[in-house]
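Undergrad:
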Amino acid sequence: METLIQTRCKSGTLESEEALGYFNSMIQTKPIPSNWTFKCLFGALYKMKQYSALVSMYKQLMGCQFQPDVTAMNIFMNCLCRLNRVDLGFSVLALTFKYGLEPDAYSLNALLQGLCKNSALSEAVELFRKIEEKEYPDVVTYNTLIYGLCQSGKWEKAKSFLICMVDSGIPPDVYTYGVLISALCKEERIQEALALFEDMTGKGINPNVFIFNSLVSASCKCCKWEKAAQLFQNMIDCGSLPDIVTFNAVLDALCKEGKMTRRGQMPNLVTYNSLINGLCQSGQWREATKLLNKMMGERIPPGVVTLNIVIKYLCKNRRTMLELMADGGLKNLTLSLTTV
1 METLIQTRCK SGTLESEEAL GYFNSMIQTK PIPSNWTFKC LFGALYKMKQ
51 YSALVSMYKQ LMGCQFQPDV TAMNIFMNCL CRLNRVDLGF SVLALTFKYG
101 LEPDAYSLNA LLQGLCKNSA LSEAVELFRK IEEKEYPDVV TYNTLIYGLC
151 QSGKWEKAKS FLICMVDSGI PPDVYTYGVL ISALCKEERI QEALALFEDM
201 TGKGINPNVF IFNSLVSASC KCCKWEKAAQ LFQNMIDCGS LPDIVTFNAV
251 LDALCKEGKM TRRGQMPNLV TYNSLINGLC QSGQWREATK LLNKMMGERI
301 PPGVVTLNIV IKYLCKNRRT MLELMADGGL KNLTLSLTTV
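See the structure below:
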């Protein structure tokens, strides 16, 4: 049976009901199956986010001959923290010591994540100090605490831990920078965010789409259109594929600057509206109507906002719908008007 369970867990096709059935059979088996088989099952259920089921299993196992190791205890601690029961997570930590086991960095990081998730930052900092005393902190430990502080708007405190991280010889990774840059961008502290961005790239760390999106969006909100366009180009040069979030942030800025350049990503209705509005503002009617036709050709029906944009500029420039149709645009607009 153990071989079957281990094989099913590794297959990636195990269903939760099947896993629960295996567990019920395992705890009734004499002698009880190996720890490895239990951990395979626990790991599979954890990936399925069956946290409550795992906690229930933990309680049942306490009455059996199961001898947990640190890995098993870590799984249960993590489940409790995911269920916002950090208090019980600390109880499992106490039991870990009772079993004569030594918690590792993963154990303490799980509890730290739970505290940060619940905005218990004073307790999180206190736990961090204890982790520091045991020389356990790693990049995950620092990232967890920095993320929690940033989420609570405590940027200065987060920055102090970044400095501490570097001084401890633990290099920040792309996640560290991403969390800090995102927090600064949300507070519209774009210059500080850009300074961190330059520091990151100077260290050879490649920014991801999340970081670029944060910077582009913040640049747009601060009306730094040139910077937004520059970051967008940097993004493409770095090989980061822009996503729809990038486009929705940057295209409105580019439209207002009259710099309409398509980048090869399939836009949505919001994106098309930004593009069409910018083209109309630039007086590029033929291109605007071609884009409107392309949008409809891609089965994205124009909404009220789209039509308002077109009508607004028709009135402003004293042009008629028939003139645009004669110019070769708006081929499918009649059908669209009947569906809006």
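Position one of the sequence shown corresponds to residue 1 (UniProt numbering), numbered consecutively onward. For each residue, glycine too, the CB sits at the ideal point set by N, CA and C. As the structure is a computational prediction, the values presented were derived from the model and not from experiment.
Would asparagine 74 and serine 52 be called neighbours here (beta carbons separated by less than 8 Å)?
TA: In this structure, serine 52 does not lie closer than 8 Å to asparagine 74 by Cβ.
Undergrad: For threonine 13 and methionine 57, I'd like the C-alpha separation in whole angstroms.
TA: Each residue's alpha carbon lies about 21 Å from the other.
Undergrad: Exposed or buried, which one is asparagine 109 when buried takes at least 16 other CB atoms within 10 Å?
TA: With 16 or more Cβ atoms within 10 Å of its Cβ, asparagine 109 is classed as buried.
Undergrad: Can you give me the start and stop residues for the alpha helix (DSSP H) that glycine 21 sits inside?
TA: Per DSSP, glycine 21 belongs to the alpha helix (DSSP H) from 16 to 27.
Undergrad: When burial is assigned at 16 or more other CB atoms within 10 Å of the CB, is arginine 262 buried or exposed?
TA: Interpretation of arginine 262 is limited by its pLDDT of 46, a score under 50 that renders its predicted location unreliable; the figure taken from the coordinates is listed afterwards. Counting Cβ neighbours within 10 Å, arginine 262 comes out exposed, since fewer than 16 surround it.
Undergrad: Alpha carbon to alpha carbon, how far is aspartate 237 from leucine 127? Give it in angstroms, no decimals.
TA: Cα to Cα, the separation comes out at about 42 Å.
Undergrad: What is the rounded straight-line gap between the Cα of aspartate 69 and the Cα of valine 92?
TA: Their Cα atoms are separated by approximately 12 Å.
Undergrad: Locate the alpha helix (DSSP H) running through methionine 57, then write down its first and last residues.
TA: First-last of the alpha helix (DSSP H) with methionine 57: 51 to 61.
Undergrad: Is the beta carbon of methionine 48 less than 8 Å from the beta carbon of serine 16?
TA: Going by C-beta atoms, methionine 48 is nearer than 8 Å to serine 16.
Undergrad: Excluding five sequence neighbours on each side, which residues of the same chain lie with their C-beta closer than 7 Å to the C-beta of asparagine 273?
TA: Correct list, in chain order: Val305, Thr306 and Ile309.
Undergrad: Can you determine whether any heavy atom of the ligand GTP sits closer than 7 Å to the C-beta of serine 217, and answer yes or no?
TA: This structure lacks the ligand GTP, and indeed carries no ligand of any kind.
Undergrad: Measure the alpha-carbon distance for leucine 149 versus asparagine 143 and round it to whole angstroms.
TA: Their backbone Cα atoms lie some 10 Å apart in a straight line.
Undergrad: Can you tell me where the alpha helix (DSSP H) holding isoleucine 190 begins and where it ends?
TA: It spans 190 to 202 - the alpha helix (DSSP H) in which isoleucine 190 sits, taken as one unbroken run.
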